[in-house]
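K.L.:
Here's a structure for you.
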Amino acid sequence: MLFSHGNAVDLGQMSSFYIGLGTRINCNIFSYDYSGYGVSTGKPTEKNLYADIDAAWQALRTRFVDACCVPTGLYCIIPENIILYGQSIGTVPTVDLASRYECAAVILHSPLTSGMRVAFPETKQTYCFDAFPNIEKVSKITSPVLIIHGTEDEVIDFSHGLTLFERCPKAVEPLWVEGAGHNDIELYSQYLDRLRRFIGQELAVQHA
Numbered sequence: 074m075l076f077s078h079g080n081a082v083d084l085g086q087m088s089s090f091y092i093g094l095g096t097r098i099n100c101n102i103f104s105y106d107y108s109g110y111g112v113s114t115g116k117p118t119e120k121n122l123y124a125d126i127d128a129a130w131q132a133l134r135t136r137f138v139d140a141c142c143v144p145t146g147l148y149c150i151i152p153e154n155i156i157l158y159g160q161s162i163g164t165v166p167t168v169d170l171a172s173r174y175e176c177a178a179v180i181l182h183s184p185l186t187s188g189m190r191v192a193f194p195e196t197k198q199t200y201c202f203d204a205f206p207n208i209e210k211v212s213k214i215t216s217p218v219l220i221i222h223g224t225e226d227e228v229i230d231f232s233h234g235l236t237l238f239e240r241c242p243k244a245v246e247p248l249w250v251e252g253a254g255h256n257d258i259e260l261y262s263q264y265l266d267r268l269r270r271f272i273g274q275e276l277a278v279q280h281a
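When you read off a place in the sequence shown, starting at 1, and then add 73, the result is the number in the numbering used here.
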């Protein structure tokens, strides 16, 4: 699972969550910090978000060798074994990558349709200056997509998840967590139950 975390956190803050989640859903989790987050250099820009996840994807797909052509890494993972998981702002690089590469599946946790639509909910079209236009890319995803959203999300309104679900041709049964906000979905039992069913059963049947 290539996990793109939310805003205002870094790998140090997310590490214990990753360990617990990986154990509970029986997945290896690979994550990274965006430019300007944690100890990552650079600036946090939209362009760098896309470059960051591209670098993480290539790291998973490539087997590293040293100067003597001796393998030094354990990766070289085929796309069919990679699940892309994006949370909040992390859905932006996740959707962008998934719109360009096929993978095992995509999970969008509290996703946004676009930056303008978060700031100005009455926005009806995507302008050229609109940042993070997930709404224009999600229809290009060819892998199964699970969308998770809390009905009482106070940061990214629940309507964003609904809109992306309606626009996504490969969407599977979503998880709408009644009463959940933006940062507490993981505390509801339905969260792990739905992930386990999606990864352990639905994807397993597709790849059988």
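Ideal placement from N, C-alpha and C gives every residue a C-beta, glycine not left out.
Could you give the residue range of the beta strand (DSSP E) that holds PHE76?
P.N.:
Residues 75 to 77.
K.L.:
What is the DSSP secondary structure of PHE231, counted as helix, strand or coil?
P.N.:
If DSSP states are grouped into helix, strand and coil, PHE231 belongs with the helices.
K.L.:
Might you give, ordered along the chain, the residues of its own chain that have their beta carbon closer than 7 angstroms to the beta carbon of ALA171, omitting 5 neighbours on each side?
P.N.:
Around ALA171: LEU157, VAL179, ILE214 and SER216.
K.L.:
Would you kindly report the start and end of the unbroken beta strand (DSSP E) that includes GLN198?
P.N.:
Note, GLN198: premise wrong, no beta strand (DSSP E); not H, not E.
K.L.:
Could you round the C-beta distance between VAL250 and GLN263 to whole angstroms and report it? I think they count as a contact, below 8 angstroms.
P.N.:
Confirmed, Cβ separation roughly 6 angstroms.
K.L.:
Tell me the DSSP secondary structure of ILE180 in three-state form.
P.N.:
Strand at ILE180.
K.L.:
Under a Cβ-count criterion, where at least 16 other Cβ atoms within 10 Å of its own Cβ denotes burial, should ARG267 be classed as buried or exposed?
P.N.:
Looking at its Cβ environment, which holds 16 or more other Cβ atoms inside 10 Å, ARG267 is buried.
K.L.:
Hey, out of GLY252, TYR261, ASN121 and GLY273, whose CA is closest to GLY163's CA?
P.N.:
Selected option, being the one with the closest Cα: ASN121.
K.L.:
Pull up the distance between the alpha-carbon of PHE205 and that of GLY85, whole angstroms please.
P.N.:
Approximately 25 angstroms, taken between the alpha carbons.
K.L.:
Could you tell me which residues DSSP puts in a beta bridge with SER104?
P.N.:
Its beta-bridge partners are PHE76.
K.L.:
Between LYS197 and ASP127, what straight-line distance do the alpha-carbon atoms span, to the nearest angstrom?
P.N.:
The straight-line gap from Cα to Cα measures roughly 30 angstroms.
K.L.:
In the DSSP assignment, find the beta strand (DSSP E) that holds LEU260 and state where it starts and stops.
P.N.:
Careful: LEU260 lies outside any beta strand (DSSP E) and carries neither H nor E.
K.L.:
What are the boundary residues of the beta strand (DSSP E) that TYR174 is part of?
P.N.:
Careful: TYR174 lies outside any beta strand (DSSP E) and carries neither H nor E.
K.L.:
Does the distance from the C-beta atom of SER212 to that of ARG173 stay below 8 angstroms?
P.N.:
Contact: no.
K.L.:
Just mark TYR200 as buried or exposed, buried being the case when its beta carbon has 16 or more other beta carbons within 10 Å.
P.N.:
When all chains shown are included, TYR200 counts as exposed.
K.L.:
Here's a check: name, in chain order, each residue in its chain whose Cβ is nearer than 8 angstroms to the Cβ of PRO247, leaving out the five neighbours to either side.
P.N.:
LEU219, ILE220, ILE221, HIS222, GLY234 and PHE238.
K.L.:
May I ask you to report which of helix, strand or coil DSSP gives GLY85?
P.N.:
It is helical.
K.L.:
For the alpha helix (DSSP H) holding LEU122, just list the boundary residues, first then last.
P.N.:
Residues 119 to 134.
K.L.:
Where do the ends of the alpha helix (DSSP H) carrying VAL191 lie?
P.N.:
Start and end: 188 to 192.
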